[in-house]
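S.K.: For the numbering used here, add 16 to where a residue sits in the sequence shown, where the first one is 1.
Provided herewith is a single structure, encoded as structure tokens, for subsequent inquiry.
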Amino acid sequence: MIGLTATRLGAVVALGAHCDDLAIGAGGTLLTLCAARPGLRIDALVLSGGGTEREEEERAALTAFCPGADLRLTVLKLPDGRLPAHWQEAKEALEELRAETRPHVILAPHRGDAHQDHRGLAELVPTAFRDHLTLGYEIVKWDGDLGRPSVYQPLRPEVAEEKVSLLQRHYPSQRRRPWYDREAFLGLARIRGIECGAKYAEAFHASKLILDLAAGG
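The structure is reproduced here in structure tokens:
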């Protein structure tokens, strides 16, 4: 909806339906952003997991994924897998966050995600953040919904490795999942890296971008 330049990036809103969504979909990007911009404000909202061990995992994980950032994390208690039935609560949470923030970019799920909670959150984002650049991250999972993203953030090999290490360290509750492993995370990052001419990358979906080809001319 608006363009993004490095010089004006001072605030980020990061949205997840579940604890670990942000780390899986955009953990490398968060590490890259925070290394380049100490003190970056990051307002993170997660819709489910509040008051459980998942919230404890998320707080420790995002602190590690956002070193040196001004991180403000809220974890709500909406039931996992039931976002469509709690649409109003999710909408109100986004509206409240919108009133409190002025982000230059939003990290959120994308509308093509097959999980109803991810997709529902993605559909809500533009109803609250109407004039903001939103990058829709992808999450590898059983559904097989990986698509053709159009935006890439290259990751240095050490950043890709750190992302995987932090995912394994901070989310012990997820290790039982058959797809939650090093090969899955690095494999997808390698494929996205190939697509953008890098070793590793994270990829995003964007519905609208504005170019300013006359800038500096």
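No residue lacks a Cβ here, since even glycine has one placed at the ideal position from N, Cα and C.
Using 8 angstroms as the cut-off, can you tell me whether the stretch 152-169 makes contact with the stretch 40-52, which would need three or more C-beta pairs spanning the two stretches below that distance?
M.R.: Verdict: yes, contact present.
S.K.: What do you get for A52, buried or exposed, if any count of 16 or more other CB atoms within 10 angstroms of its CB means buried?
M.R.: As a position in the sequence shown, residue 52 is number 36, starting the count at 1. With fewer than 16 other Cβ atoms within 10 Å, it is exposed.
S.K.: Quick check: what's the CA-CA separation for H102 versus A230?
M.R.: Position 86 of the sequence shown, counted from the start, is the residue given in the question as residue 102. Position 214 of the sequence shown, counted from the start, is the residue given in the question as residue 230. Between H102 and A230, the C-alpha separation is close to 45 angstroms.
S.K.: What does DSSP give as the partner residue(s) for P95 in the beta ladder?
M.R.: In the sequence shown, the residue the question calls residue 95 occupies position 79. In DSSP, P95 forms no bridge with anything.
S.K.: What three-state label does DSSP hand I210 in the structure shown?
M.R.: Sequence index remark: in the sequence shown, residue 210 carries index 194 (1-based). Helix.
S.K.: Would you list, in sequence order, the uninterrupted alpha helix (DSSP H) runs of no fewer than 4 residues that lie entirely inside the stretch 66-92?
M.R.: Fully enclosed alpha helix (DSSP H) runs of 4 or longer: 69-81.
S.K.: Is the beta carbon of T150 sitting closer than 8 angstroms to the one on A222?
M.R.: Translated into positions along the sequence shown, residue 150 becomes position 134. Translated into positions along the sequence shown, residue 222 becomes position 206. Against a cut-off of 8 angstroms, the Cβ pair of A222 and T150 comes out as a contact.
S.K.: Strictly by DSSP, which residues pair up with R57?
M.R.: On the sequence shown, position 41 is the one that residue 57 refers to. Per DSSP, A27, D86.
S.K.: According to DSSP, is G19 helix, strand or coil?
M.R.: In the sequence shown, the residue the question calls residue 19 occupies position 3. Unreliable placement is indicated for G19, whose pLDDT of 45 sits below 50; the coordinate value is still reported in the next sentence. The answer is coil: DSSP assigns G19 none of H, G, I, E or B.
S.K.: Only counting the same chain, and skipping five residues up and downstream in sequence, which positions put a Cβ closer than 6 angstroms to that of A205?
M.R.: By 1-based counting over the sequence shown, the position of residue 205 is 189. A176, Y216.
S.K.: Which class does K215 belong to by DSSP, given the choice of helix, strand or coil?
M.R.: On the sequence shown, residue 215 is found 199 positions in, with the first residue counted as 1. Coil, per DSSP.
S.K.: Does DSSP put P115 in a helix, a strand or coil?
M.R.: Numbered from 1 along the sequence shown, position 99 holds the residue referred to as residue 115. The sequence shown places Ala at residue 115, not Pro. A115: helix per DSSP, three-state reduction.
S.K.: At the level of alpha carbons, what is the spacing between A85 and R57?
M.R.: For the purposes of this step, residue 85 is taken as the residue at position 69 of the sequence shown. For the purposes of this step, residue 57 is taken as the residue at position 41 of the sequence shown. So the alpha carbons of these two residues sit roughly 6 angstroms apart.
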